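Q: Before I ask anything, let me first share the structure, which is written out below as structure tokens.
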Amino acid sequence: MPRLSAEAERFDPGPALDDIAIDRSHSIAPQIYDALRARIVDNRLPPGAFLSEAEIARFCDISRTPLRAALQQLASEGLIIVRPQVGSVVAPHDEARLREAVFIRCAIEEAIARSLAETGVDDERLAPILAAQKHAAERDDYMTFFRHDERFHEALAEMAGVPNAWHLVQSVKAHVDRRRLKLMSSIEGRSMQAYRDHIALLEQIRGQDADAAARIIRAHVDSVFETAEVSAKKLL
7 MPRLSAEAER FDPGPALDDI AIDRSHSIAP QIYDALRARI VDNRLPPGAF LSEAEIARFC
67 DISRTPLRAA LQQLASEGLI IVRPQVGSVV APHDEARLRE AVFIRCAIEE AIARSLAETG
127 VDDERLAPIL AAQKHAAERD DYMTFFRHDE RFHEALAEMA GVPNAWHLVQ SVKAHVDRRR
187 LKLMSSIEGR SMQAYRDHIA LLEQIRGQDA DAAARIIRAH VDSVFETAEV SAKKLL
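In case it helps, our numbering puts the sequence shown at residues 7 to 242.
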């Protein structure tokens with residue numbers, strides 16, 4: 007029977023779970039899935055953390071049936087590893103899944119950028135999102151910037167008439183986001199660079215230069231690899 011590592015056995019999930027709020031007027035499984043996914047992405051539940059069904063059910067005051075559905079979905083996305091008779095643990099960072107997710111995101115967001123270069127964007131809708139991004143970037147608050155970054159890219163997909171394309175990106179990008187939030191938040195000025203990428207992207211879209219817009223969004227998404235290299239060098 008496989009055993010959990012000592013680190014996994016010592017991890018206390020309480021601080022990561024005690025602020026989960028469940029709205030019982032809506033389906034519970036999607037809510038607990040979203041809550042656990044968010045905590046895996048931002049590393050409150052780090053790689054190797056043991057996820058006890060009994061403990062999570064107690065903290066969230068839910069039954070195990072919706073919880074198991076949520077865990078199965080997280081396992082299908084490669085975010086947790088289910089070990090029969092032992093329990094579940096948060097999966098380690100997976101380089102292959104990271105590269106696959108970046109590939110998928112680049113393909114979809116390049117297509118969105120090209121489409122918007124033909125049809126245009128809703129500047130009035132984007133203005134408050136960009137203002138919030140700029141404010142977070144000026145404070146070098148990457149965690150807050152990340153939330154508004156999600157709104158920005160989702161809005162672009164909706165403006166291009168393909169909202170489900172962003173949902174597809176979301177289904178794979180958790181592996182990218184785990185890397186982004188762990189590394190980029192530690193690099194000074196990274197959120198401001200991302201904000202400037204967004205401004206440059208919109209300039210090319212407004213100028214109807216589809217090729218330039220596609221190049222900018224590809225470099226923007228690929229920057230997670232560059233950031234990983236910079237972070238690795240800092241540790242040497």
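Glycine included, C-beta positions come from ideal geometry on N, C-alpha and C.
Note that the structure is predicted; figures quoted are calculated from it, not measured.
Quick check: D228 and G195, are their CB atoms within less than 8 Å of each other?
A: Going by C-beta atoms, D228 is not nearer than 8 Å to G195.
Q: Is the stretch 114-131 close to the stretch 165-172, with three or more CB pairs under 8 Å?
A: With the cut-off at 8 Å, the stretch 114-131 and the stretch 165-172 touch.
Q: Among I211, A41 and D100, which one has its Cα closest to the Cα of D129?
A: Ranking I211, A41 and D100 by Cα distance to D129 puts I211 first.
Q: What alpha helix (DSSP H) runs, 4 residues minimum, are completely inside the stretch 12-54?
A: Segments of the alpha helix (DSSP H) lying fully in the stretch 12-54: 12-16, 20-23 and 34-47.
Q: Under a three-way DSSP split, which group does I62 fall into?
A: Helix, per DSSP.
Q: Mark S69 as exposed unless 16 or more other C-beta atoms lie within 10 angstroms of its C-beta, in which case mark it buried.
A: So S69 ends up on the exposed side.
Q: Would you kindly work out how many angstroms separate the C-alpha atoms of I110 and L57, rounded to a whole number?
A: Going by the C-alpha atoms only, they are around 29 Å apart.
Q: Is the separation between the beta-carbon of L85 and that of R43 shorter than 8 Å?
A: Result yes, Cβ atoms of L85 and R43 sit closer than 8 Å.
Q: Can you tell which of Y148, Q176 and T150 has its C-alpha closest to the C-alpha of H159?
A: Minimum Cα distance to H159 is reached at Q176.
Q: By Cβ distance below 7 Å, which residues in the same chain neighbour P53 in space, the five residues on each side in sequence not counted?
A: V96, A97, P98 and H99, listed in sequence order.
Q: Going by beta-carbon coordinates alone, are V182 and V92 separated by less than 8 Å?
A: Cβ atoms of V182 and V92: not closer than 8 Å.
Q: Name the two residues that bound the continuous beta strand (DSSP E) containing S94.
A: Its beta strand (DSSP E) spans residues G93 to V96.
Q: Grab me the residues of L242's own chain with a C-beta within less than 7 Å of its C-beta, minus the 5 sequence neighbours each way, in chain order.
A: Note that L242 has pLDDT 34, beneath the 50 cutoff, so the model's placement of it is unreliable and the number below is only indicative. The answer is none, since no qualifying residue turns up.
Q: Candidates A133, E59, E115 and K140: which alpha carbon is nearest R224's?
A: Comparing Cα-Cα distances from R224 to each of A133, E59, E115 and K140, the minimum goes to E115.
Q: Could you spell out where the alpha helix (DSSP H) holding I68 opens and where it closes?
A: Element bounds for I68: n/a, residue is neither H nor E.
Q: Given a cut-off of 8 Å on the beta-carbon distance, is the pair A55 and F17 in contact?
A: Result yes, Cβ atoms of A55 and F17 sit closer than 8 Å.
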